[in-house]
Amino acid sequence: MFDSLKHALELATSWIVDIAQVKTEMLTIEHDSRNHKHVYWKGAIRGEYSHARKAWDFFCPCWHAGQAIKALSMASHVPGIADRDKIIESAKEAANFLIMNQIWDEKDGNHGLILAYEDFGHLVNTSAILESCDGLLHLADVTGNPLYRDRVIGALDFVIKNLYIKGTGLFSDAYDPAKKVIDNFYGTGGRPLLDDAMFLKGWQLTGREDFKHAFIETCDLLIEAEDPPGNWIAFKPASASAGHIHPRHAYWWGMPFIDAYLAFKEQKYLDVAARAADWYLKAVRKDGGMMRDTYVNFNTKSFGHATSGTACAVLFWLRMKAATGTMAYDKAIDTCLKYCMDMQFRFPEDENLLGAILEKVLPPEGSDRSPYHIRDLGTIFFVQAAAAYLSSMKKK
Numbered sequence: 014m015f016d017s018l019k020h021a022l023e024l025a026t027s028w029i030v031d032i033a034q035v036k037t038e039m040l041t042i043e044h045d046s047r048n049h050k051h052v053y054w055k056g057a058i059r060g061e062y063s064h065a066r067k068a069w070d071f072f073c074p075c076w077h078a079g080q081a082i083k084a085l086s087m088a089s090h091v092p093g094i095a096d097r098d099k100i101i102e103s104a105k106e107a108a109n110f111l112i113m114n115q116i117w118d119e120k121d122g123n124h125g126l127i128l129a130y131e132d133f134g135h136l137v138n139t140s141a142i143l144e145s146c147d148g149l150l151h152l153a154d155v156t157g158n159p160l161y162r163d164r165v166i167g168a169l170d171f172v173i174k175n176l177y178i179k180g181t182g183l184f185s186d187a188y189d190p191a192k193k194v195i196d197n198f199y200g201t202g203g204r205p206l207l208d209d210a211m212f213l214k215g216w217q218l219t220g221r222e223d224f225k226h227a228f229i230e231t232c233d234l235l236i237e238a239e240d241p242p243g244n245w246i247a248f249k250p251a252s253a254s255a256g257h258i259h260p261r262h263a264y265w266w267g268m269p270f271i272d273a274y275l276a277f278k279e280q281k282y283l284d285v286a287a288r289a290a291d292w293y294l295k296a297v298r299k300d301g302g303m304m305r306d307t308y309v310n311f312n313t314k315s316f317g318h319a320t321s322g323t324a325c326a327v328l329f330w331l332r333m334k335a336a337t338g339t340m341a342y343d344k345a346i347d348t349c350l351k352y353c354m355d356m357q358f359r360f361p362e363d364e365n366l367l368g369a370i371l372e373k374v375l376p377p378e379g380s381d382r383s384p385y386h387i388r389d390l391g392t393i394f395f396v397q398a399a400a401a402y403l404s405s406m407k408k409k
């Protein structure tokens, strides 16, 4: 599978670099339906594409750019990858998009804040800030440029001082940078956020105990709140009332427990990670696909596919294998990677699709319009998964 997966990876990176990435400082052909209040767009990734309407749109450009940086940085490590220099330059452009949308003025109370607008164009999501960061650390390793690490530490510093509810393991969900106030639009009173184990990594980079304490407190809360096994239906974007779980939920909350285990060598952390990884074994369908909503009994709807969930499952299983040596996930890894490759547009009539991974098939709506909906995350997480797999194996 090495050669076919490497070819699919190269097509997918080309889609990100040549097709999806914004090349101008201001928007041109794109529609920004949520009115994200960015003043600089070059380097961002066009997040949504309707094949039926031939139209581009965005959803949370910052964290999607951050994950694209991570994907491209990981791809640059794959032996023999085509256009490596171009891939790294694209990652740098995406990083510059984040830097241009980060407040960097020590006299400003918002110093360090990444303007990661998401659900509403004027509100910054705390989870989106964290999801923007790990790619910058990957790019710092690729380029040797400490600027990217400094910007991550600045972002974490803002979050810990302004959005973490000390001693609870909870973070305020949203922040209005214009008013400099917390906005509780989710109505949750805060959520435990463990995305990419960023506060653990921040502690490892700086030695700051407040970062370490926030990470451990969040882990402790999640251990208590785990339900169903390997997942956390009580926290959005899952829905306890509807009984369904988001396809990347166990990835966001479960996979960082591997980092906790590796850092502190406590079995309780690995046990949580194993249950979350096993949740994916039950959630993926026989062909390797996933749906947007998985119910607690592992039934799903018939439409609303989410290929990004499949790719995240692969990433999780690969990390479990690296951490423990287990071979329990090998068959599922192969099945899911093949599924992702089957979802790739290789010979499309619409040139905007070339190399993209199909994220979603929309339900029938009474017309013969194309049901294909492209989200950049399907391709971004596939690149991460394929790069992780290829970097971990020798050509067979």
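Residue numbers for the sequence shown follow this note's numbering, beginning at 14 and rising by one. Every residue gets a Cβ at the ideal spot worked out from N, C-alpha and C, and that includes glycine. Bear in mind that the values here come from a model prediction, so they are computed numbers and not experimental data.
Counting along the chain, no beta strand (DSSP E) covers Glu364, and no H or E run does either. Per DSSP, Ala129 is not a residue of any beta strand (DSSP E), being assigned neither H nor E.
Relative to the Cα of Arg66, the nearest Cα in the group Asp363, Ala104, Ser86 and Ala255 belongs to Asp363.
Distances from the CA of Asp186 to each of Arg204, Asp381 and Leu350 were compared; the closest alpha carbon is that of Arg204.
By the neighbour-count definition (other C-beta atoms within 10 Å, threshold 16), Val52 is an exposed residue. In the displayed model, Lys373 falls within a strand according to three-state DSSP. Taking a cut-off of 8 Å on C-beta distances, the region 273-292 does not touch the region 343-356, as fewer than three cross pairs fall below it. With a beta-carbon spacing of about 19 Å, Leu176 and Leu149 fall beyond the 8 Å limit used to define contacts.
Taking the CA atoms as reference points, Asp209 sits about 7 Å from Trp265. In the three-state DSSP reduction, Asp209 falls in the helix class (H, G or I). In the three-state scheme derived from DSSP, where H, G and I count as helix and E and B as strand, Tyr264 is classed as helix. Excluding the 5 residues flanking it on each side, Met87 has same chain C-beta neighbours closer than 8 Å at His151, Val396, Gln397, Ala400, Ala401 and Ser404, in chain order.
If the five residues before and after Arg59 are omitted, its C-beta is found closer than 7 Å to the C-beta atoms of Ala33, Val35, Glu43, Trp69, Phe71 and Asp389, all from its own chain and listed in chain order. For the options Lys192, Ile142 and Met356, the alpha carbon positioned closest to that of Asp121 is the one of Lys192. Gly220 has its alpha-carbon roughly 29 Å from the corresponding atom of Val194. Taken atom to atom, the span from the alpha-carbon of Pro159 to that of Asp381 is near 52 Å.
Proximity of the region 298-305 to the region 317-335 meets the contact definition, three or more beta-carbon pairs being nearer than 8 Å. Note on Met39: under 16 other CB atoms within 10 angstroms of its CB, so exposed under the neighbour-count rule. The beta carbons of Trp54 and Ala141 sit no closer together than 8 Å. Under DSSP, the beta-bridge partners assigned to Ile387 are Tyr62. Following the DSSP letters along the chain, one finds Ala68 inside the beta strand (DSSP E) bounded by residues Ala68 to Asp70. As computed with DSSP, Met304 is found in a beta bridge with His318. Less than 8 Å divides the Cβ of Ile82 from the Cβ of Ala104. Leu213 places its beta carbon 8 Å or farther from that of Phe184. Here the alpha carbons of Thr156 and Thr307 stand approximately 39 Å from one another.
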